[in-house]
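Chemist: Handing you a structure now.
In this note's numbering, the protein residues as written are 11 to 341.
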């Protein structure tokens with residue numbers, strides 16, 4: 011499929027998507043394409059057979075990925091239709107692209123827990139946290155709650171923000187399609203990519219494909235996180251709270267200590283940047299020599315997520331320009 015989309019069009023769409031995300035956040039479920047993908051996954055899950063579950067899981071994943079790609083194709087066709095006014099084309103394409111990443115949503119998740127801890131309401135903080143993590147939160151201390159929030163925020167920085175942006179930039183005119191293919195894979199992994207008996211075979215393909223797609227972005231995440239830490243450390247309010255050097259050191263040192271081949275890199279980078287210890291009991295410890303985080307580190311994490319996201323957008327815009335110049339027609 012050939013599209014005659016200009017480089018400037020794609021960069022404008024990327025920047026608009028970033029703005030839309032920060033200003034509007036997530037739309038109602040009824041008009042959210044990722045919710046549509048999730049509903050399709052649920053449809054297949056309900057009909058999963060007891061036998062040949064790995065084969066069925068591959069079929070399910072391919073169907074959902076193709077459906078997501080179709081959504082991306084529609085958005086790309088709209089962007090490529092010159093008879094539609096440019097502003098409308100940009101806004102529609104940006105809206106569709108924005109649905110593949112969730113900066114504001116990720117920041118708001120940490121904010122809810124932070125606000126409860128800030129007023130000393132640990133029980134409510136645990137309840138809020140249970141909406142975002144799979145571990146049992148009922149007995150967690152303040153430090154463990156803070157750690158869990160920072161872990162999920164830093165881990166989701168890759169698959170929730172950086173990866174879809176990376177694939178959008180990497181595939182140029184086909185970027186929105188690529189972002190939706192990634193998002194379908196990520197959603198499949200979050201819904202069926204578990205190692206328990208129910209999903210071990212059903213989600214095998216989805217989990218492996220998600221690991222493959224996140225492999226490069228997870229390791230590249232060190233760049234925007236480190237740059238963001240450097241920039242924030244120059245601001246007086248953050249200068250004593252961030253250590254850009256440890257961002258790199260701990261990401262390299264502890265990046266492979268998590269069961270996931272990818273999640274450890276951004277988590278260790280965040281731990282190093284804030285000089286804190288992140289721990290999931292009996293599973294992993296990152297930056298073990300540092301003290302446990304306090305609730306105010308959650309607020310610092312939100313600033314680091316926002317700054318890293320902005321750097322990621324600018325980096326992907328630059329990558330997009332280079333990709334279009336090398337492999338596509340540059341307008």
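For each residue, glycine too, the CB sits at the ideal point set by N, CA and C.
1) Closest to residue 140 by CA distance: which of 153, 264, 159 is it?
2) Mind checking whether residue 21 and residue 89 have CB atoms under 9 Å apart?
3) Helix, strand or coil for residue 295 per DSSP?
4) Secondary structure at residue 36, three-state DSSP: helix, strand or coil?
5) For residue 9 versus residue 310, is the C-beta distance shorter than 9 Å?
6) Give the single residue among 200, 47, 303 whose Cα lies nearest to the Cα of residue 161.
7) In this structure, what does DSSP give as the bridge partners for residue 233?
8) So, helix, strand or coil for residue 134, using DSSP?
9) What distance in whole Å lies between the Cβ atoms of residue 188 and residue 177, which are believed to be in contact at a cut-off of 8 Å?
10) Where does the unbroken alpha helix (DSSP H) through residue 127 begin, and where does it stop?
11) Among residues of its own chain, excluding the 5 on either side of residue 116, which ones have a beta-carbon nearer than 8 Å to its beta-carbon?
12) Of the residues 215, 300, 179, which one's Cα is nearest the Cα of residue 328?
13) According to DSSP, what are the bridge partners of residue 289?
14) When you compare each of 78, 299, 100 to residue 49 by their alpha carbons, which one comes out closest?
15) Taking residue 16 as the reference, which of 105, 70, 92 has the closest Cα?
16) Helix, strand or coil for residue 206? Go by DSSP, reduced to three states.
17) Determine the direct distance from the alpha carbon of residue 243 to that of residue 55, and round the result to whole angstroms.
18) In terms of residue numbering, what span does the alpha helix (DSSP H) encompassing residue 93 cover?
19) Whole angstroms are fine: how far does the CA of residue 18 sit from the CA of residue 308?
20) The alpha helix (DSSP H) spanning residue 59 covers which residue range?
21) Can we say the stretch 91–109 touches the stretch 37–46, given the rule of at least three CB pairs closer than 8 Å?
22) Within 10 Å of its beta-carbon, does residue 289 have 16 or more other beta-carbons around it, so buried, or fewer, so exposed?
23) Ordered along the chain, which non-local residues of its own chain (more than five positions away) have a Cβ less than 7 Å from that of residue 174?
24) Would you mind stating whether residue 301 and residue 285 have Cβ atoms separated by less than 9 Å?
25) Is the separation between the beta-carbon of residue 155 and that of residue 132 shorter than 9 Å?
26) Can you tell me whether residue 48 is helix, strand or coil according to DSSP?
Modeler: From the atom records:
1) It is 159.
2) Not closer than 9 Å, so no.
3) In this structure, DSSP gives residue 295 an extended state, which the three-state scheme calls strand.
4) Of the three classes helix, strand and coil, the one that applies to residue 36 here is coil, per DSSP.
5) The requested residue 9 is not part of the displayed model; the chain covers only 11 to 341.
6) Nearest to residue 161 by alpha-carbon distance, out of 200, 47, 303, is 303.
7) According to DSSP, residue pairing for residue 233 in a beta bridge does not occur.
8) Residue 134 falls in the helix class under three-state DSSP.
9) In this structure, residue 177 and residue 188 form a Cβ contact; the two beta carbons are roughly 4 Å apart against a cut-off of 8 Å.
10) For residue 127, the uninterrupted alpha helix (DSSP H) segment begins and ends at 113–128.
11) The answer, listed in chain order, is 163, 166, 167, 170, 171, 315.
12) With distances taken between Cα atoms, residue 328 lies closest to 179.
13) Answer by DSSP bridge pairing, in chain order: 295.
14) Ranking the options by Cα distance to residue 49, first place goes to 78.
15) Taking only the C-alpha atoms, the option nearest residue 16 is 92.
16) Coil.
17) In a straight line, the C-alpha of residue 55 is about 47 Å away from that of residue 243.
18) Residue 93 -> no alpha helix (DSSP H), and no H or E assigned at all.
19) Their Cα atoms are separated by approximately 36 Å.
20) That residue, residue 59, is in no alpha helix (DSSP H); it is neither H nor E in DSSP.
21) Verdict: yes, contact present.
22) Per the 10 Å Cβ criterion, buried.
23) Sequence-distant partners of residue 174 (beyond 5 residues in either direction) whose C-beta falls short of 7 Å from its own C-beta, in its chain, are 110, 111, 189, 192, 193.
24) Yes, the pair counts as a contact, with Cβ atoms nearer than the cut-off.
25) Contact: yes.
26) Correct three-state label for residue 48: helix.
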